[in-house]
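Q: In the UniProt record's numbering, the protein residues as written are 1 to 129.
One structure coming up, written as structure tokens, with questions to follow.
Listed below in structure tokens is the structure:
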């Protein structure tokens, strides 16, 4: 008398569809998240030269592109006065302006920040060794 049924034959092939779907989803997820992480900062080419300065307190970083648009915390400002109102008072301001930005735009921003009460304003450059 047999207690067990016949053993079923082993399945020799492996279905790769779920593994491929999962790996494709992971690749897409990683590509999208790295794009969001690296896309946060505005790319500008700063001029070379300048002496190194040390920040004494909390620093506010402002970026200006060659068209004169000002970027701060993901927002775009065309008017330097609006930017001065949005910045926290009593902090050092570092301006990272593109080297092709017209001097008038940078001068207007510096002048507006000084008139708004910011005493420590510096331009960011690329250090030359």
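Here a beta-carbon is modelled for each residue, glycine too, at the ideal position from N, C-alpha and C.
Which of helix, strand or coil does DSSP assign to residue 28?
A: Residue 28: helix per DSSP, three-state reduction.
Q: Going by beta carbon distance, what residues of the same chain come within less than 8 Å of residue 114, once the five residues before and after it are set aside?
A: 121.
Q: Cβ of residue 97 within 8 Å of Cβ of residue 123?
A: Contact: yes.
Q: So residue 59 packs on residue 91, CB below 8 Å; how close in whole Å?
A: Contact flag correct, Cβ pair sits at about 7 Å.
Q: May I have the straight-line CA-CA distance separating residue 74 from residue 65, to the nearest angstrom?
A: C-alpha separation (whole angstroms): 14 Å.
Q: Does the distance from the C-beta atom of residue 69 to that of residue 78 stay below 8 Å?
A: A contact, by the Cβ cut-off of 8 Å.
Q: On a Cα-Cα basis, can you pick out the residue from 56, 57 and 87 that is closest to residue 71?
A: Of the listed residues, the one whose Cα sits closest to residue 71 is 87.
Q: Answer with buried or exposed for residue 34, where buried requires no fewer than 16 other C-beta atoms within 10 angstroms of its C-beta.
A: So residue 34 ends up on the exposed side.
Q: Taking the continuous alpha helix (DSSP H) assigned at residue 106, which residues delimit it?
A: First-last of the alpha helix (DSSP H) with residue 106: 103-115.
Q: In angstroms, rounded to a whole number, what distance separates the CA positions of residue 108 and residue 89?
A: So the two alpha carbons sit approximately 19 Å from each other.
Q: Could you check if residue 68 belongs to the surroundings of the ligand MG, using beta carbon to heavy atom distance under 7 Å?
A: This structure does not include the ligand MG; it has no bound ligands of any sort.
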